[in-house]
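Single-structure report; data block below.
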Amino acid sequence: MAHAFATPLGGESVSLLDALLGERAGAFEEPAPRMSAPPRLRLTRRGRFVLIAMPVFIASVFLLVGLAALWSPARAGDAAPAHLDAVQVTVQQGQSLWSVASQYAPDRDPRVVISEIVDLNGLDSTRVQPGQQLMVPKS
Numbered sequence: 001m002a003h004a005f006a007t008p009l010g011g012e013s014v015s016l017l018d019a020l021l022g023e024r025a026g027a028f029e030e031p032a033p034r035m036s037a038p039p040r041l042r043l044t045r046r047g048r049f050v051l052i053a054m055p056v057f058i059a060s061v062f063l064l065v066g067l068a069a070l071w072s073p074a075r076a077g078d079a080a081p082a083h084l085d086a087v088q089v090t091v092q093q094g095q096s097l098w099s100v101a102s103q104y105a106p107d108r109d110p111r112v113v114i115s116e117i118v119d120l121n122g123l124d125s126t127r128v129q130p131g132q133q134l135m136v137p138k139s
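Under the UniProt record's numbering, the first residue of the sequence shown carries the number 1, and numbering increases by one thereafter.
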């Protein structure tokens, strides 16, 4: 409403707009907005399908991954043979892994045998010292 500028003898304040327009002033006022409830959420058939199927699908995937993790056997590595016959050898002066591999597995490739010796003994390199005890695979 506009500011009151006059107070008639009756004590009721009259606004400038009411004074100028008289009875028609109420016709220009905006009606009070109606408070309406928010519209209900309406789902289509596809929306209901997505709302139900997607969480079920995601839960199924997590369930399958969890079961696969529980049922799969733990493996340290696939390269280690299941049963390996080995003999303990003491490295002599002047011997290398090549000569040890050639001596104890003459029918196999020395490179493969050296790799097995390194794996069996947890060696960091192929250098050995005289007197060192090694597990060497038999041929």
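Glycine included, every Cβ here is placed at the ideal spot set by N, Cα and C.
Compute the Euclidean distance between the alpha carbons of residue i and residue j, then round it to the nearest angstrom.
i      : j      : result
ASP85  : GLU116 : 12 Å
GLY47  : GLY122 : 59 Å
LEU41  : ILE58  : 24 Å
PRO73  : VAL61  : 20 Å
ARG97  : LEU120 : Arg is not the amino acid found at residue 97; the sequence shown has Leu there. One C-alpha to the other measures close to 13 Å.
PRO110 : VAL100 : 9 Å
GLN103 : GLN129 : 17 Å
SER125 : GLN132 : 14 Å
Taking all protein chains shown into account, do 16 or more other C-beta atoms lie within 10 angstroms of the C-beta of residue i, making it buried, or fewer, making it exposed?
i      : result
LEU134 : buried
ALA105 : buried
PRO137 : buried
Three-state secondary structure (DSSP) at residue i?
i     : result
ALA86 : strand
Considering only heavy atoms of the ligand HEM, does any lie closer than 7 Å to the CB of residue i?
i      : result
SER125 : The ligand HEM is not part of the structure shown, which contains no ligands of any sort.
Original post:
Is it true that the segment 61-77 meets the segment 105-115, where meeting means three or more beta-carbon pairs spaced less than 8 Å apart?
Top reply: No, the segment 61-77 is not in contact with the segment 105-115.
Subject >> Given 8 Å, three or more beta-carbon pairs between the segment 83-103 and the segment 50-58 >> reply: No, because fewer than three Cβ pairs between the segment 83-103 and the segment 50-58 fall closer than 8 Å, the two stretches do not touch.
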